[in-house]
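Number of protein chains: 2
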Amino acid sequence: MTQDSSPIRPTDDEARALATGLMDDARFAAIGVLVDGAPMVSRVAFGRAPNGAPLILISSLSQHAKALRTDPAASLLVGEPGDKGDPLTHPRLTLQARAAFIDHDDPAYEEMAAHWLRDHPKAKLYIGFGDFHFALFSVTGAFLNGGFGQAFFLTPADLGLSEPS
Amino acid sequence: MTQDSSPIRPTDDEARALATGLMDDARFAAIGVLVDGAPMVSRVAFGRAPNGAPLILISSLSQHAKALRTDPAASLLVGEPGDKGDPLTHPRLTLQARAAFIDHDDPAYEEMAAHWLRDHPKAKLYIGFGDFHFALFSVTGAFLNGGFGQAFFLTPADLGLSEPS
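Read top to bottom, the protein sequences are chains A and B.
Going by my numbering, the first sequence opens with residue 467, and the numbers climb by one from there.
Going by my numbering, the second sequence opens with residue 467, and the numbers climb by one from there.
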């Protein structure tokens, strides 16, 4: 690689399948939000809504929840290296997205909670707490890093997601 | 926990030691940067400079490097859950920081590279490439989440780091 070459490759079905699989497998994510105009990264429980959209379950007391209520712009990183091998060669996916809160009194809440508990059974300990809410993400774009020299820009359609309205 | 309670606890030596240990042990991190005013999160190789400051080794071709050259505001998340247990109960540390690039022609580069290779031996494959550079972080504040109900705001001094100049 030289300074002038672009590391971005044309998106193919292999990249689409890898990216979708990273979202399917993820049970947590690193989330980036804006706090006073600066990025702030923290860890959140991650899953997918019944319609496939990225979903997180968070407490209103958390820094990221307060930030998202002020500015819904967010980024989510999924694809964890685990304990073996070089972590920088492990595939990971960055989602650029906007958050919408689903509170307890939302008609969609019950179905979302039941769906969430199937993949996150330990969440039954706190999912009923008054300060816990879902944030559902509308994805605007994504970046897949499949390891050195394996970078792709993806659209919501590449991930099987609807375009943001 | 109720909606009105603060989950932030007074910082103690146990919290300082836990946070410092998370930085010592980390070999990679999730970094948040600003791209067109929105947060973007990706994965980077992470270490510490000879003076203890957080340090990353990145390619100029990466999205995060381009973003940091435009705006040095960044956030770094360290503390990986590994493969066992509930990932949301695993301690993690968020650093709020500003990046300064250390390029190949910088007088500090050689010492930094030798120091880096001791903890990241596989980096010898690419550390000499012209597009790889260090970004050194000046930490302005930190947030430690030691698991549910174990949250702390930390200063640079709590982490054994100098205050930003």
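Using N, Cα and C, we set each Cβ at its ideal position, and we do this for glycine too.
This structure is a prediction, so every number in the text was calculated from the model and none was measured.
Is the Cβ of residue 489 of chain A closer than 8 Å to any Cβ of chain B? no
Distance cutoff 8 Å, beta carbons only. Does residue 529 of chain B sit that close to anything in chain A? yes
How is the beta strand (DSSP E) around residue 616 of chain A delimited, first residue to last? Counting along the chain, residue 616 of chain A falls outside any beta strand (DSSP E), and DSSP gives it neither H nor E.
Please check the pair residue 569 of chain B and residue 482 of chain B, which I expect to be a contact at CB under 8 Å, by giving their CB distance rounded to whole angstroms. Their Cβ separation, rounded to whole angstroms, is 33 Å, which puts residue 569 of chain B and residue 482 of chain B out of contact at 8 Å.
Same chain, Cβ closer than 8 Å to residue 575 of chain A, five either side skipped, listed in chain order: 568, 569, 600
What number of angstroms, rounded off, separates the C-alpha of residue 495 of chain B from the C-alpha of residue 578 of chain A? 31 Å
Do residue 563 of chain B and residue 543 of chain B have their CB atoms nearer than 8 Å? no
Going along chain B in order, which residues have a C-beta closer than 8 Å to the C-beta of residue 541 of chain A? 498, 504, 505, 506, 507
Would you report the Cα separation of residue 470 of chain B and residue 524 of chain A, rounded to the nearest angstrom? Note that residue 470 of chain B scores a pLDDT of 43, beneath 50, so its modelled location is shaky and nothing firm can be said.
Does any C-beta atom of chain A lie closer than 8 Å to the C-beta of residue 588 of chain B? yes
Flag this pair as yes or no: are the beta carbons of residue 509 of chain A and residue 616 of chain A separated by less than 8 Å? no
Residue 487 of chain A in three-state terms, based on DSSP: helix
Within-8 Å CB hit, residue 560 of chain B to chain A: yes
Backbone secondary structure at residue 527 of chain A - three-state DSSP: coil
Minimum Cβ-Cβ distance from residue 630 of chain B to chain A less than 8 Å: no
Please go through the same chain and pick out, in chain order, the residues whose beta-carbon is closer than 6 Å to the beta-carbon of residue 529 of chain A, but skip the five residues on each side of it. none
Assigned secondary structure, residue 627 of chain B (DSSP; H/G/I helix, E/B strand, else coil): coil
Any beta carbon from chain A within less than 8 Å of residue 493 of chain B's own beta carbon? yes
Using CA coordinates, which residue listed in B:534, B:558, B:536 is at the minimum distance from residue 545 of chain B? B:558
Quick one: give me the first and last residue of the beta strand (DSSP E) that residue 583 of chain B is part of. First-last for residue 583 of chain B: 575-585, but that is the alpha helix (DSSP H), not the beta strand (DSSP E).
Could you tell me if residue 517 of chain A is buried or exposed, where buried requires 16 or more neighbouring beta carbons within 10 angstroms of its beta carbon? exposed
How is the beta strand (DSSP E) around residue 539 of chain A delimited, first residue to last? 539-544
Quick one: which residues of the segment 548-581 of chain B get their C-beta closer than 7 Å to a C-beta of chain A? List them in chain order. 548, 549, 552, 553, 554, 558, 560, 562
Could you round the C-beta distance between residue 604 of chain A and residue 630 of chain A to whole angstroms and report it? I think they count as a contact, below 8 Å. 4 Å
Determine the burial state of residue 648 of chain A: buried for a count of at least 16 other Cβ atoms within 10 Å of its Cβ, exposed for fewer. The first residue shown for chain A is 467 and the last is 631, placing residue 648 of chain A beyond what the model contains.
Could you name the residues of chain B that residue 473 of chain A contacts, counting a contact when the two beta carbons are closer than 7 Å? 527
With DSSP run on the structure shown, which of helix, strand or coil describes residue 553 of chain B? helix
How long is the line joining the alpha carbons of residue 488 of chain A and residue 533 of chain B, rounded to whole angstroms? 24 Å
Range of the contiguous beta strand (DSSP E) that encloses residue 493 of chain B: That residue, residue 493 of chain B, is in no beta strand (DSSP E); it is neither H nor E in DSSP.
Could you confirm whether any beta carbon from chain A is found closer than 8 Å to the beta carbon of residue 618 of chain B? no
Which word fits residue 580 of chain B, buried or exposed, when buried means at least 16 other C-beta atoms lie within 10 angstroms of its C-beta? exposed
Taking residue 481 of chain B as the query, report the chain A residues whose CB atoms sit under 9 Å from its CB, ordered along the chain. By Cβ distance, chain A contributes nothing, its closest Cβ being about 16 Å from residue 481 of chain B, past 9 Å.
Could you confirm whether any beta carbon from chain A is found closer than 8 Å to the beta carbon of residue 612 of chain B? no
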